[in-house]
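Data block below; observations after.
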Amino acid sequence: GHLKFVFGLISFFTAHAIFLYGLLRSYPSKNKRWIYLVFWSIGGGIFFVLYPNLKGLTYPVLAYVLIISSMSAQAARAYILHRSNKTALLFAGALFFMLSDTVLAYSKFVHTYKFSSVLILSTYWIAISLIGLSNSYLNQRMKSNLKLFFSSFCILFLTSCINEDSYKLQAENELKTAMNQWNKTAV
733 GHLKFVFGLI SFFTAHAIFL YGLLRSYPSK NKRWIYLVFW SIGGGIFFVL
783 YPNLKGLTYP VLAYVLIISS MSAQAARAYI LHRSNKTALL FAGALFFMLS
833 DTVLAYSKFV HTYKFSSVLI LSTYWIAISL IGLSNSYLNQ RMKSNLKLFF
883 SSFCILFLTS CINEDSYKLQ AENELKTAMN QWNKTAV
């Protein structure tokens, strides 16, 4: 239970710290620092909702909320200061990460609901995809495969709402198809 969660928290904390470092190096600026306050306030609100149920995980969760809020703030700053498709994808990916992790934390610490795993997984993969795409050249074939990739998540979500037991098999098949198509055009 808790040990697996803490290991996952440390792993994702490290990933977000690396994302933040990369964003700070790629988009250094002293302008618009107030954006950090906005995202730290959002993170603080999320933490406030989680806090009564955190028990021994208060400090690890607080550290995680700070790092993901900081990474998202820097992605927002990159977009606001350097408006481009790349920074828009980065910012959207950061927002999907925040959404995914908020749903995960709420489901773990406050209230579990039936389809939370579908929402967590789909928003996580969308976040990863957007951040990855921000570093890719989007030619026309890749754009059409991006549509296939995102449509597979919609299909997964709708299918699992009807029958959650079929989710893993359906997810595996849809993602294999989307990734095979993606790999054919990425080379």
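Remember, our numbering sits 732 above the position in the sequence shown when you count from 1. By construction, the Cβ of each residue, glycine as well, lies at the ideal position given by its N, Cα and C atoms. Note that the structure is a prediction, hence the values are computed from the model and not measured.
Where the alpha helix (DSSP H) containing residue i begins and where it ends
| i | result |
| --- | --- |
| S704 | Limits of the chain in this structure are 733 at one end and 919 at the other, which puts residue 704 out of reach. |
| S920 | Residue 920 lies beyond the residue range present for the chain, which begins at 733 and ends at 919; the question has no answer from this structure. |
| F779 | 766–782 |
For residue i, three-class secondary structure by DSSP
| i | result |
| --- | --- |
| L786 | coil |
| Y845 | coil |
| S866 | coil |
| K840 | helix |
| S761 | coil |
| E896 | Legend: pLDDT at E896 = 48, less than 50; position of this residue unreliable, value from coordinates given subsequently. Looking at E896 - three-state DSSP - the assignment turns out to be helix. |
For the region 743–751 and the region 767–776, state whether three or more C-beta atom pairs, one from each stretch, are separated by less than 8 Å. no
Can we say the region 848–860 touches the region 818–832, given the rule of at least three CB pairs closer than 8 Å? yes
Taking contact to mean at least 3 C-beta pairs separated by less than 8 Å, is the region 796–811 in contact with the region 772–781? Taking 8 Å as the limit for Cβ pairs, the verdict is that the region 772–781 does touch the region 796–811.
Would you call the region 753–761 and the region 780–792 in contact, with 3 or more CB pairs under 8 Å? Touching, no.
With three or more C-beta pairs closer than 8 Å as the rule, is the region 833–844 touching the region 805–812? no
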